[in-house]
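**Q**
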Amino acid sequence: MKILGVDIGGTNIDCVVYDGEFSYIDTFSTEKNIQNLNSILNELVEEHRIDAIGAGIALWIKEGKPLHAPNLPLIPELSFSIPLFLENDANCFAIFSHHIFRFPNIFAVTVGTGVGSGIIINGELYRGNGLAGEVGHVVVGGDEECHCGGRGHLESKFGGWALKKKYGRDVRDLMKDRQFFYNTEEFRSFCRQIANVVTVLDPHAVVFGGRIGMNLDKEKLKECVCSELMSPFSPIIEILDDELAVSKGACIMADKRLKEK
Ligand SMILES: [Zn+2]
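Taken in order, the sequence shown gives residues 1369 to 1629; the numbers are from this note's numbering.
1. Got a sec? Which residues, its chain only, sit under 7 Å from Ala-1426 by beta carbon, not counting five neighbours each side?
2. Quick one: what's got a C-beta closer than 6 Å to Pro-1444's C-beta in the same chain, skipping five residues either side?
3. Starting from Cys-1383, follow its DSSP beta bridges and name the residues at the other end.
4. What are the start and end residues of the beta strand (DSSP E) that includes Ala-1420?
5. Can you tell me which of the three DSSP states Tyr-1550 falls into?
6. So which residues touch the region around ligand 1, with touch meaning a C-beta under 6 Å from any heavy atom?
7. Can you check DSSP and say which residues form a bridge with Val-1507?
8. With a CB to CB cut of under 7 Å and the five nearest residues on each side skipped, what residues in its chain are close to Asp-1609?
9. Are the Cβ atoms of Phe-1475 and Val-1574 separated by less than 8 Å?
10. Going by the beta-carbon positions, is the gap between Val-1568 and Pro-1603 smaller than 8 Å?
11. Pick helix, strand or coil for Asn-1456, following the three-state DSSP scheme.
12. Around the C-beta of Met-1598, are 16 or more other C-beta atoms found within 10 angstroms, so that it is buried, or is it exposed?
13. Measure the Cβ-Cβ separation of Ile-1421 and Lys-1370 and say whether it is below 8 Å.
Have a look at this one:
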């Protein structure tokens, strides 16, 4: 059984193949390729003799239906002759976080173009009524317009696009100035929201990833998140340093759903 795992994000589309082990295939620019994504993926399916596809996409999905994709230029139409399993990209990240770290209860947070999160409870993805885990769109105050259409959301402060807009610099470059970055109001606001979720869920671990999230300093995160928590709460903080975490999580999600069929 060969599964193609695809991460359709706001900036890049990453592809891996899973057959018990992961192999990296390719990365494309989202802007340039999302319109032709269906034919690009169909070519990969033929070339690599793929049996099923798992796609993690920056999309709100409810009851299997795509609702809203604030950080994508368009919602791609995907159709294949083999099974396709779609899942929110942050949920795929959470699934891969569980695959790697194995804690039963995990709050998994991705920071890249946007801010996303997924919740693992007793080893299973928690979807709630379909949209659980959208921490990027909780209101943290301020009047900045969010890509989703709301205002004052966490993502409109701490998402990659928002930080770049405010500071006019590449975010990874901005992060190199540690004294500055870890004292910004945006970083504190991000940590406060993580602490709020920890207070509600009390997960064993909070796992951070994504292009920006994986470059955050673990000790600074721990210090800042814990400073916003009551003392009995002390989650383990982990960084999942893998740019392919979403595409790999999409493979594991598809593999699991195939076995459940
Ligand atoms: Zn929003």
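Where is the CB? At the ideal position from N, CA and C, for every residue including glycine.
These numbers come from a predicted model, not from an experiment.
**A** Reading from the atomic positions:
1. Ile-1376, Gly-1377, Gly-1378, Ala-1437, Asn-1439, Leu-1440, Asp-1457, Gly-1482
2. Ile-1402, Leu-1405
3. Val-1374, Asp-1394.
4. Looking at the DSSP string, the run of the beta strand (DSSP E) that includes Ala-1420 is 1420-1425.
5. coil
6. His-1505, Cys-1514, Cys-1516, Gly-1518, His-1521, Glu-1523
7. Within the DSSP bridge table, the entry for Val-1507 names His-1521 as partners.
8. Met-1582
9. yes
10. No, the Cβ-Cβ distance between Val-1568 and Pro-1603 is not below 8 Å.
11. strand
12. exposed
13. no
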